[in-house]
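Colleague: I am attaching a structure below and will ask some questions about it afterwards.
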Amino acid sequence: MASKADKQHVETLAAEQQNIGDQPKGVDWTVIALTCQCKDSIYAFQRELEIRQHKGSIAPGVVLLTVEDPETCVGSGGATLNALLVAAEHLSAKAGYTVVTSDVLQTARILILHMGRDFPFDDCGRSFTCLPMENPDSKAEALVCNIDVLLHIMTYKLGPGCTPGVWVCSTDMILTVPSYPDICWEGFSGVKVVSVPGTVSYARDHGVYLIDQEGYVCDIIYKGTEERIKECALQDGRVPLVSGIVFFSWETAEKLLATHVTSPLDSCTYMGLDSGTRPVQLSIFFDILLCMARHTCEDVFVNRANKILQSSDITKPTRADSSDMAIMRSARAVLWQELRGIPVTMAYIADGCYDYMTLSADDHIRNLTRRGSMSSCFVVHHIVHSELTHPAMLNEDCSVINSLLDGEITVGPNSVVQHCHLQGSIHISSGCLLSGVDLMSSAVLCQYQLCDIIIQGHHIRLRDLKLKIFSITGRQDDLQVPFTSDSSTFLNVPWAEFFERTGIKKEEVWGPGILEEEQCLLNAQLFPVFHVTEPIGMEDVLWFLGLEKGRFLRKWQSAWRLSIREVLSCLDQQAELVWRQQLFLSQAQRKVQTTLLARKDTSLWPLIRAAVCEGNEQQILNTLDAVATATVDLGIAARTLACVADVLGCMAGGQGGLRSGPAANPAWIDAFQLLEKGNVVLGVKRLTEERGKWLSRPDLLVRAARHYEGAEQILIRRAVMSAREFISMGQVELPPMNQWVVAECPARIDISGGWSDTPPITYEHGGAVLDIAVLVDKRKPIGAKVRRIAEPKLHLVLNSGGREQRMAMEIVCQSLEDLQDYCQPRAPGALLKAAFICTEIIHYPSHVSLRDQLMTGFGGGFELHTWSSLPHGSGLGTSSILAGAVMAALITAAGKSSDTSSLIHAVLHLEQMLTTGGGWQDQVGGLVPGIKIGRSKPQLPLRVDVERIAVTDEFVKTLNDHLLLVYTGKTRLARNLLQDVLRNWYARLPSIVENADALVRNTEECAQAFIKGDLSQIGQCLNTYWQQKKYMAPGCEPSAVRQIMAVLRPHVHGQSLAGAGGGGFLYLLTKKPRQKEALERILRASEGLGNFNVHEVEVDETGITVRLSETEGE
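First residue of the sequence shown: 4, per my numbering; consecutive thereafter.
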């Protein structure tokens, strides 16, 4: 019986095929704008957005903007107004306007993402902090940053169904939204804030909303007293936190946009900056939204305006003078006049979670090592996009992100290694964060035992000078606590202990320009960036841990040093992103090598797509070339060439034509011939040389991909030919001249496991197929007969119908040249010619003529007749079974002997000579009698073992009464299906690998159902098998066949198209016995089913039979 797991798998496949899922349609964004404080990073972050669009996480039609804040101190409100202006300006120009018009907002859905302030624990800010998670459904492999999670939440969870308007989302928090909230948008206007629950204690350091009974926001409280916060509590006892997300309807956005021309709010935009106005700092929540809150009083709002300095603000504090306060009052007065009266409602996400990314290293490490789902789209792992030589040395509670770890590297619990290339014997204990450590710098780490230490490599730019420097802090250090405080520490110890350990003096850390009450770790000039005579490296901060001082102290004292605040102000974020991309590419190349060489069932397709999207296709191609030339395993080499074809196809970008097509251009023949001769190394080099000439246009790329798939097929054939090892023949007496040797075979029906026998699946994954040898209308439908004749020639007669049919094609081969098309499957008589060569009756190529070979070996030639009463494309294994019959007859007629196992492997070998490919299930099904399982192990050489299934005679009779064949009238096109299946298998799509597992599992369960004699369970296995076939080869169920199956479904335990599907015969296991006439009536009564025929079928108990016959007619 089909297992519960297989039933669930089939249901999953059906859901995928019907595009059924819980995820709603996402928002069709018009514009996504990312605000950024640093103008030098604009292009780098714009490229990050564009790469995400290329990779498919952002829809192709979305306008992407990276908007520089006019000044660093305009706040989230000023940045929002400026970004809204820039977005409206772009949309106005796109619509053909010559001035900015708010009309474009009426149909637009705009998302503004704020990068916010510098973040001391990630040089690319909180937005691009990489998280320890992957998106298994992503089309292209990619690091998952905080911004990616927020984009997914905004697009698929919070945004769907919204009216036109503007979403604003901060990226300084880690937001968790497990469900798909049902937010009501019917008749909406005004502003909607998104809130998640929090505790009263957590809210003390954050903002909360006060909501009235009607659901309107009455007040926004920041760092309120416990009593004030408790007033905001909802019925569940929790308080609604300010999550950093707000939506403005287009009408409200239009009013907000209108303020950009009014002083002093015009100074929040780039236009104001260009006009020389003085910038004003606005908060989107405590200025723009607060004026709309119901309980806000005009006098308090306008006349008592105060700047809210959040705890995450690490910029140098400034003291507001009276003119600043006057400007702020004026700005708030404008906001009150323009926005007062607009309703603000709240969308409360009860199962959501909000974690602000604080300046605490301990909090940051906890965020990067916590487990559990943040969003249904992403899966958390402790190792992501990283390659390690000793993964067992990592604690499960650590996180390794975008890194290469070569050597015996231990990483303890609650530690993070990100964007590093480490080598050697390194011990990283608990509570550490290592970021940006390069290979050369990592050597010095071997001398230290790290615990609760933060080490970061920083790319900085001092005018035209680009440097890589390092900083070191402790996990427990507070960056902002004053030096004079008893709780102030550096490297987790009091400053006094640090000074004593290193010999550094306090006045060397803080200059006279910093007041004592302002002295803190954030502005301590501890970290060397430049030395006149010596290079600066990680050892110049590691010595702080106390290993030695002497030389390092003197070097430190004479070096130019910066504080953390100064380092953050000099960051070269473009260089940092380049470093991360280089590491990502390096681990990707390593992943390609290990996946292929270790024969892992890991899909490389997302990685290939990522490389092409990022412009790194040549590096991946070079890696693939290296693998193909280094391996001696033909299976690995073939898969590698298939990956090259995928790269080329991806580079074509969906243009240039279909992937399937001819692959015999003369320019590639030299490389193909080398591969055919077994010279893989030189053959791959020739392919690489030729490939370089086909990269300039999409159509050339597609054609090159086809030729790489042709090269891959050559190597598959050579791999399968390893089955030749299991062919053995003996020598017996030649039959008399003119005596016929007749071989007859049943057809076969595949009950489960098909496709798992197909190379390369069969030798890479392992296969198991359950077949039944069957008589069709009480006859063996496939056969061949051969006799020796006096004339030294090969006389071939191909009967297109059954044995009695006189419609025949005759071919006479009198020289070896007449055999040269044996490897062209469409050539007349190719299978028969290949059979003579495969059985070694004829040696080709040879310097000995055909006449001499025949006369010397057999005293004459051969006359060979073949027939099949089955229609072309029946799906019943005709061609492979016929090949077995032909070779069995030839072997006997040539005075040789072989067993059925040798014959099965000989057919495999012959089909590779024919270049038709194909698996082994057909010959197993038709040559071996009764019900049996064929199995192959995931290895080369390819060997097939067959096990007969023990069933009672009574059950065989029952089975005969319930089995029927229906010819659908549709010709099966297996070759087209085969190309797609092989491409998907080589891509190792997870669903395809899982389906291959399920095929084999279903076969073993079906065998047990046969042993029990349970028709109902066999029918269930059969239906499961059909679903698996359809998933393996989409398109194998024509609509006409679907109609027939629907009509028959109430009357059968199970049904499936034979073979690969697409047409041919449909076989049924009926609920009632002897239903041929009844089902014929049912089918005839149904309209539009076309030409069909119902045939009796019964289990064949003898398999292939070979006999001698005196007369031609027998």
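Yeah, the Cβ is synthetic: ideal placement off N, Cα and C, and Gly gets one too.
Remember, predicted model here, so these are calculated numbers, not experimental data.
1. Which word fits D302, buried or exposed, when buried means at least 16 other C-beta atoms lie within 10 angstroms of its C-beta?
2. Roughly how many angstroms lie between the CA atoms of R854 and A674, to the nearest whole one?
3. Just list the residues that DSSP pairs L171 with in beta bridges.
4. From Q109 to G190, what distance separates their C-alpha atoms?
5. Are any of the Cβ atoms in chain D nearer than 8 Å to that of C356?
6. Of all the options C165, Q238, G59, K160, which has the alpha carbon lying nearest to the alpha carbon of D140?
7. Where does the unbroken beta strand (DSSP E) through D358 begin, and where does it stop?
8. Check each candidate in P795, I224, I884, L778 and name the one with the smallest Cα separation from A838.
9. List the whole-angstrom C-beta distance separating M718 from L677, where the pair is believed to meet the contact cut-off of C-beta under 8 Å.
10. Taking the straight line between their C-alpha atoms, what separation do you get for R689 and L980?
11. Near P73, which residues of its chain fall below 8 Å by C-beta distance, leaving aside the five closest residues on each side in sequence?
12. Return the chain-ordered list of same chain residues with a C-beta closer than 8 Å to the C-beta of S1019, the five sequence neighbours on each side being excluded.
13. Taking the C-alpha atoms as reference points, what is the distance between D409 and A909?
14. What residue from I404, L114, E71 has the CA that sits closest to P135's CA?
15. Given that a residue counts as buried once 16 or more other Cβ atoms are within 10 Å of its Cβ, and exposed if not, what is C187?
16. Determine whether the beta carbon atoms of E692 and A670 lie at a separation below 8 Å.
17. The beta strand (DSSP E) that contains Y351, what's its start and end?
18. Quick one: measure Cβ to Cβ for Y357 and G201, integer angstroms, because I've assumed they're closer than 8 Å.
19. Taking 8 Å as the cut-off, decide whether the C-beta atoms of V107 and V65 are in contact.
20. Which runs of the beta strand (DSSP E), 3 residues or longer, sit entirely within the region 999-1074?
21. Name the DSSP beta bridge partners of I463, please?
22. Taking Cβ to Cβ, would you say L437 is nearer than 8 Å to L362?
23. Going by beta carbon distance, what residues of the same chain come within less than 7 Å of A47, once the five residues before and after it are set aside?
24. Which residues does DSSP list as the beta-bridge partners of N987?
25. Return the CA-CA distance between A977 and C1039, expressed in angstroms with no decimal places.
26. Which residue's Cα is closest to the Cα of L391: Q40, I224, G516, T597?
27. Taking a contact to mean a Cβ-Cβ separation below 8 Å, would you say E617 touches M654 in this structure?
28. If I'm right that F1095 touches Y970 with Cβ under 8 Å, what's the distance once you round it to whole angstroms?
29. Enumerated in chain order, which unbroken segments of the beta strand (DSSP E) with a length of 3 residues or greater are wholly contained in the region 56-130?
30. Closest to G344 by CA distance: which of N370, V383, A296 is it?
31. What is the DSSP secondary structure of N1096, reduced to helix, strand or coil?
32. Do you know how far the Cα of A90 is from the Cα of D25?
33. Let's test the definition: count the other Cβ atoms within 10 Å of the Cβ of R700 and tell me whether it reaches 16, buried, or not, exposed.
34. Does the count of Cβ pairs from the region 368-388 and the region 146-158 closer than 8 Å reach three?
35. Measuring only the C-alpha atoms, how far is V927 from R782?
36. Of all the beta strand (DSSP E) runs that stay within the bounds of the region 789-823, which reach a length of 3 or more residues?
Modeller: Result, derived from the coordinates:
1. exposed
2. 34 Å
3. Position check: residue 171 holds Val in this sequence, whereas Leu was assumed. In DSSP, V171 forms a bridge with I115, V249.
4. 15 Å
5. Protein chain content of the structure displayed is limited to a single chain, and chain D is not contained in it.
6. G59
7. 356-359
8. I884
9. For the sequence presented, residue 718 should be read as Leu rather than Met. About 11 Å; that fails the 8 Å criterion.
10. 29 Å
11. G81, N85, S270, C271, T272, Y273, G275, L276, P282
12. H1056
13. 47 Å
14. I404
15. exposed
16. no
17. 347-351
18. 6 Å
19. no
20. 1055-1060, 1068-1073
21. L470, L574
22. no
23. Q576, Q577, L580
24. According to DSSP, N987 bridges with nothing at all.
25. At A977, the pLDDT of 49 sits below 50, so the modelled position is not reliable and the matter cannot be decided from this model.
26. T597
27. no
28. 6 Å
29. 66-71, 112-117
30. A296
31. strand
32. Because D25 carries a pLDDT of 47, less than 50, the predicted location of this residue cannot be relied on, and no value is offered for it.
33. exposed
34. yes
35. 18 Å
36. 797-802, 811-816
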